Amino acid sequence: MQLITKEFTKYKASKYRVTIDKVTQEWDAFLISFANSTQYGNNFHIAPQAKVDDGLIDLCVIRDFPKVTAPALLISMIDMSIDMNKYDMIIKTPRVKIEFPEDLPGHVDGEPVMLGKEVNVNIVPLAVNVATPPPELKQTQNILSPLIEMLPVIPRTSKEEGKR
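Numbering (my numbering), first residue to last: 42 to 205.
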C-alpha cells in the first residue's frame with residue numbers, strides 16, 4: 042500500500058492527441074477510458090449514462106486532479122455521480138482515435154496490454170447479443186457485497202450455541 046500511495050502521489054497527467062468526428066484536440070489526462078457499459082466492475086461506475094445498445098462509446102477522460110480529492114473521486118464512481126465531477130469529462134461518440142508519443146500501456150477487460158502509439162476505437166452497433174437479468178432484480182450498491190459473498194460460511198457448533 043505504501044508503494045501505491047507513493048507512486049500515485051507522483052503520477053502526473055499525460056498529453057494525448059484525441060480525434061473525434063475529424064476534430065483533433067490535445068488533452069492533458071490522468072486517465073482515459075472507453076466504456077460501452079456503466080462500470081469497470083465491482084460497482085465502480087466510470088460512465089453512469091453509458092448504454093450497451095446505443096451504438097456509441099463513452100469516452101471518459103479524467104483530468105489531472107489534486108490527489109487529496111482521490112477518495113471523493115472514488116466515491117463518485119461508486120455512487121454513480123462521477124459524470125458530475127469537475128475533473129471528469131464524458132463524450133459519446135461512435136469512434137475515437139487517441140495518439141500518444143510512445144507505446145501506450147492500457148487494460149482491455151482488466152488485462153494489461155500495450156496499445157501502441159495510436160489507438161482507434163470504433164463501435165459496431167448491436168454486434169453482440171447479451172443476456173441480462175430482469176430489471177426487477179436490483180443490483181447491490183454495497184461495494185463490500187462481492188467480498189462478503191466470497192467468505193466461507195462456518196456453521197456453529199452446539200457448544201457455541203450454548204454460549205449465547
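Beta carbons: idealized from backbone N, C-alpha and C, even for Gly.
This one's a predicted model, so the numbers in the text were calculated from it and none came from an experiment.
As assigned by DSSP and simplified to three states, the class of residue i
i    : result
M155 : strand
K47  : helix
K108 : helix
S117 : helix
D69  : strand
D129 : strand
D124 : helix
D99  : strand
E140 : strand
V59  : strand
Beta-carbon proximity check, residue i vs residue j, cutoff 9 Å
i    : j    : result
I73  : I103 : yes
T79  : V137 : no
D105 : A70  : yes
Span separating the alpha-carbon of residue i from that of residue j
i    : j    : result
G82  : V64  : 31 Å
E48  : K108 : 11 Å
Y57  : T46  : 25 Å
A113 : S55  : 22 Å
L167 : A91  : 14 Å
Which listed residue (the options) has its alpha carbon closest to that of residue i
i    : options                   : result
G151 : K51, A76, T46 and P89     : A76
D129 : E140, I139, P135 and S117 : S117
Counted within 10 angstroms of its Cβ, other Cβ atoms place residue i as buried (16 or more) or exposed
i    : result
A111 : exposed
D99  : buried
N163 : exposed
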